[in-house]
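*Asks:*
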Amino acid sequence: MNDTATWNEAAETAAESAADAAEAQKKHKIEREDRKLEKRLCREVGRAIADYNMIEEGDRVMVCLSGGKDSYGLLDILMKLQARAPVKFELIAVNLDQKQPGFPDHILPEYLKQLGIKFHIETQDTYSIVKKVIPEGKTMCSLCSRLRRGILYRVAKELGCTKIALGHHRDDILQTFFLNMFFGAKLKGMPAKLVSDNGEFMVIRPLAYVPEKDLIRWAQVREFPIIPCTLCGSQENLQRKQVGNMLREWDKKFPGRIESMLGALQNVVPSHLMDRQLHPFETLRTTGIADENGDLVFDEEELPMPPALPAEQVISLTPAR
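Here the sequence shown is numbered in my numbering, starting from 39 and rising by one per residue.
Here is the structure:
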């Protein structure tokens, strides 16, 4: 009887040890994946900053913080890079409290105080203006963005900032490109760097190379205190949401397509589009000199084959011998 009890006890101990080992292995794997994600985010943000010379020696960068995952991620990664960057620059987090009903205005100040970073909370009741001007059920984003932009430019000037950093990521940039093409009849995207509307500031988007899915995962890892946008969050049929769903579906079915499209925005050939402002079509003349970059009129351009999906199989039409 004692032997039976001893064997049972040993079996239970062995099972507990095995479960503990499995749990430890699982935890180690998650931590390893989290470290890889952090390195990837820092690498992609650093690459974008270097490619577009976004941040220079002595810059005072205003990081626009909305309370969403993207701006939290932007601030977090910039703070990590600040300690290792080849140039010295200053960060100041700025949030615009638009007086939305129920907005938890204590969350961001408490979070930023814990980080030990300089910050400024600007309070302006744009919510009442938007609700008064925009009819019920209509999209509020356009007016809200214009009001917010003007206020943030003023704040940037008051704070002595030289750069304004926004949290738009790779997917935002591509969504904007397709929105303009589908609904605005323009080949226009969202640049990684541009001069502000009033000509006073340089606006930068350090997350330009970062996919949204990485920011979603990073927000979970870092447990950011996310604040949802209650002003327009119920408008589910926005065109941007539709385009976003389209891109996510493409990314699922055709891995690599998103990266290819972003690369296309960085590899523009004006002579092979149709914009008369960018290329002098009216004054084109034959030269009699071969041009390797010219149009091969009757040739189909050879494009790389898309990667096969995991479930796809190549079926040979030639009988096996």
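All C-beta atoms, glycine included, are put in the ideal place defined by N, C-alpha and C.
With DSSP as the reference, label E128 as helix, strand or coil.
*Replies:* Counted from its first residue, the sequence shown places residue 128 at position 90. Residue state, collapsed to three classes: strand.
*Asks:* In whole angstroms, what separates the C-alpha of Q280 from that of K67?
*Replies:* On the sequence shown, position 242 is the one that residue 280 refers to. On the sequence shown, position 29 is the one that residue 67 refers to. Those two C-alpha atoms are separated by around 35 Å.
*Asks:* Does the beta-carbon distance from F127 to D97 come in below 8 Å?
*Replies:* Sequence index remark: in the sequence shown, residue 127 carries index 89 (1-based). Sequence index remark: in the sequence shown, residue 97 carries index 59 (1-based). Yes, the pair counts as a contact, with Cβ atoms nearer than the cut-off.
*Asks:* Examine the Cβ distances between the region 201-217 and the region 276-294 and report whether three or more of them are shorter than 8 Å.
*Replies:* Yes, the region 201-217 is in contact with the region 276-294.
*Asks:* Thinking just about the alpha-carbon of each residue, which of A52, D58, I87, H317 is nearest to the one in L245?
*Replies:* Here residue 245 refers to the residue found at position 207 when the sequence shown is read from its first residue. L245 has its Cα closest to that of I87, out of A52, D58, I87, H317.
*Asks:* Using the Cβ count rule (16 or more neighbours within 10 Å means buried), how would you classify I327?
*Replies:* Within the sequence shown, numbered from 1, the residue matching residue 327 stands at position 289. I327 comes out exposed.
*Asks:* Determine the direct distance from the alpha carbon of P318 to that of T148, and round the result to whole angstroms.
*Replies:* Numbered from 1 along the sequence shown, position 110 holds the residue referred to as residue 148. Numbered from 1 along the sequence shown, position 280 holds the residue referred to as residue 318. The sequence shown places Glu at residue 148, not Thr. Computed Cα separation, rounded: 57 Å.
*Asks:* Look at the alpha carbon of A230 and the alpha carbon of Q63, and state the distance between them as a whole number of angstroms.
*Replies:* As a first step, residue 230 must be located in the sequence shown, where it is residue number 192. As a first step, residue 63 must be located in the sequence shown, where it is residue number 25. If I take the Cα positions, the gap works out to 40 Å.
*Asks:* Let me make sure I understand the geometry here. Which of A121, S234, Y110, P139 has the alpha-carbon closest to that of L150?
*Replies:* Here the question's residue 150 lines up with position 112 in the sequence shown. Nearest C-alpha to L150: Y110.
*Asks:* Using a Cβ-Cβ cut-off of 8 Å (strictly less than) and excluding sequence neighbours within five positions of K225, which residues of its own chain qualify?
*Replies:* Indexing the sequence shown from 1 puts residue 225 at position 187. Checking the sequence shown, residue 225 turns out to be Leu, not Lys. Taken in chain order, the residues that qualify are F215, N218, M219, L311, D313.
*Asks:* Straight-line CA distance for E160 to R187?
*Replies:* Here the question's residue 160 lines up with position 122 in the sequence shown. Here the question's residue 187 lines up with position 149 in the sequence shown. Distance between the alpha carbons of E160 and R187: 12 Å.
*Asks:* Thinking L300 and P308 are a contact (beta carbons under 8 Å), I'd like their distance in whole angstroms, please.
*Replies:* On the sequence shown, position 262 is the one that residue 300 refers to. On the sequence shown, position 270 is the one that residue 308 refers to. In fact, because the Cβ distance is near 19 Å, the residues do not count as touching under 8 Å.
*Asks:* Would you mind listing the beta strand (DSSP E) stretches within the region 235-259 that are 3+ residues and don't spill past its ends, in chain order?
*Replies:* Segments of the beta strand (DSSP E) lying fully in the region 235-259: 240-242.
*Asks:* Would you please state the rounded distance, in angstroms, between the beta carbons of L112 and V101? I believe it to be under 8 Å.
*Replies:* If you number the sequence shown from 1, residue 112 lands on position 74. If you number the sequence shown from 1, residue 101 lands on position 63. Sure, about 6 Å apart at Cβ, within 8 Å.
*Asks:* Ends of the beta strand (DSSP E) at I189?
*Replies:* As a first step, residue 189 is located in the sequence shown; it is residue number 151 there, counting from the start. Segment 179-196 is the alpha helix (DSSP H) holding I189; no beta strand (DSSP E) there.
*Asks:* What is the residue span of the beta strand (DSSP E) that A203 lies within?
*Replies:* In the sequence shown, residue 203 corresponds to position 165, counting from 1. Here the beta strand (DSSP E) through A203 covers 201-203.
*Asks:* Under the rule that 16 or more other beta-carbon atoms within 10 Å means buried, what is D58, buried or exposed?
*Replies:* Taking the sequence shown and counting its residues from 1, the one referred to as residue 58 is at position 20. Under this definition D58 is an exposed residue.
*Asks:* Rank M117, K137, L303, V171 by C-alpha distance to the C-alpha of G154 and give the top, closest one.
*Replies:* Within the sequence shown, numbered from 1, the residue matching residue 154 stands at position 116. Answer by Cα proximity: M117.
*Asks:* Taking L103 as the reference, give the member of I264, D329, E330 with the closest Cα.
*Replies:* Numbered from its first residue, the sequence shown carries residue 103 at position 65. That would be I264, whose Cα lies nearest to the Cα of L103.
*Asks:* Going by C-alpha to C-alpha distance, which of F262, S183, E82 sits closest to L26?
*Replies:* Past the boundaries of the shown model lies residue 26; the chain is included only from 39 to 359, so the question cannot be answered.
*Asks:* Since I believe F239 is in contact with Y191 (beta carbons under 8 Å), could you give me their beta-carbon distance rounded to a whole number of angstroms?
*Replies:* Taking the first residue of the sequence shown as 1, we reach residue 191 at position 153. Taking the first residue of the sequence shown as 1, we reach residue 239 at position 201. Indeed, because the Cβ distance is near 7 Å, the residues count as touching under 8 Å.
*Asks:* Mind checking whether K107 and A257 have CB atoms under 8 Å apart?
*Replies:* For this step, residue 107 is matched to residue 69 along the sequence shown. For this step, residue 257 is matched to residue 219 along the sequence shown. Yes, they are a contact pair.
*Asks:* Just the Cα atoms here: how many angstroms apart are E50 and E69?
*Replies:* Translated into positions along the sequence shown, residue 50 becomes position 12. Translated into positions along the sequence shown, residue 69 becomes position 31. Straight-line Cα distance between these residues: approximately 28 Å.
*Asks:* Output the distance between the C-alpha atoms of A203 and L232, rounded to the nearest integer angstrom.
*Replies:* Position 165 of the sequence shown, counted from the first residue, corresponds to residue 203. Position 194 of the sequence shown, counted from the first residue, corresponds to residue 232. Approximately 11 Å between the Cα atoms of the pair.
*Asks:* Do L75 and I130 have their C-beta atoms closer together than 8 Å?
*Replies:* Here residue 75 is taken as the residue at index 37 of the sequence shown, counted from 1. Here residue 130 is taken as the residue at index 92 of the sequence shown, counted from 1. For L75 and I130, no; Cβs fall outside 8 Å.
*Asks:* Just the C-alpha distance for G205 and R243, rounded to the nearest angstrom, thanks.
*Replies:* What you label residue 205 is simply residue 167 of the sequence shown in a count that begins at 1. What you label residue 243 is simply residue 205 of the sequence shown in a count that begins at 1. Each residue's Cα considered, the two are about 6 Å apart.
*Asks:* If you run the structure through DSSP and keep just helix, strand and coil, what is I155?
*Replies:* Walking along the sequence shown from the start, residue 155 turns up at place 117. Coil.
*Asks:* Grab me the residues of Q277's own chain with a C-beta within less than 7 Å of its C-beta, minus the 5 sequence neighbours each way, in chain order.
*Replies:* For the purposes of this step, residue 277 is taken as the residue at position 239 of the sequence shown. Excluding residues within five positions, the ones whose Cβ falls inside 7 Å are L217, F221.
*Asks:* Using the rule of at least 16 other Cβ atoms within 10 Å of the residue's Cβ for burial, across every protein chain shown, is E330 buried or exposed?
*Replies:* Counting from 1 along the sequence shown, the entry for residue 330 is found at position 292. It is exposed - the Cβ of E330 has fewer than 16 other Cβ atoms within 10 Å.
*Asks:* Assuming the contact rule is C-beta atoms closer than 8 Å, V248 and L79 should be a hit. Round their C-beta distance to whole Å, please.
*Replies:* Taking the first residue of the sequence shown as 1, we reach residue 248 at position 210. Taking the first residue of the sequence shown as 1, we reach residue 79 at position 41. About 6 Å separates the two Cβ atoms, so the contact holds.
*Asks:* Note down, in chain order, each residue of its chain lying with its Cβ closer than 6 Å to the Cβ of C199, except the 5 sequence neighbours on either side.
*Replies:* Looking up residue 199 in the sequence shown gives position 161. Same-chain partners within the cutoff: R98, M100.
*Asks:* Quick check: what's the CA-CA separation for D163 versus R73?
*Replies:* Translated into positions along the sequence shown, residue 163 becomes position 125. Translated into positions along the sequence shown, residue 73 becomes position 35. Approximately 40 Å between the Cα atoms of the pair.
*Asks:* Identify every run of the beta strand (DSSP E) within the region 80-133, keeping only runs that are complete inside it and at least 3 residues long; order them along the chain.
*Replies:* Here the runs fully enclosed are 98-102.
*Asks:* Under 7 Å Cβ to Cβ from L181, same chain only, skipping five residues before and after it: list those, please.
*Replies:* What you label residue 181 is simply residue 143 of the sequence shown in a count that begins at 1. Cβ neighbours of L181 beyond the five flanking positions: V168, V171, I172.
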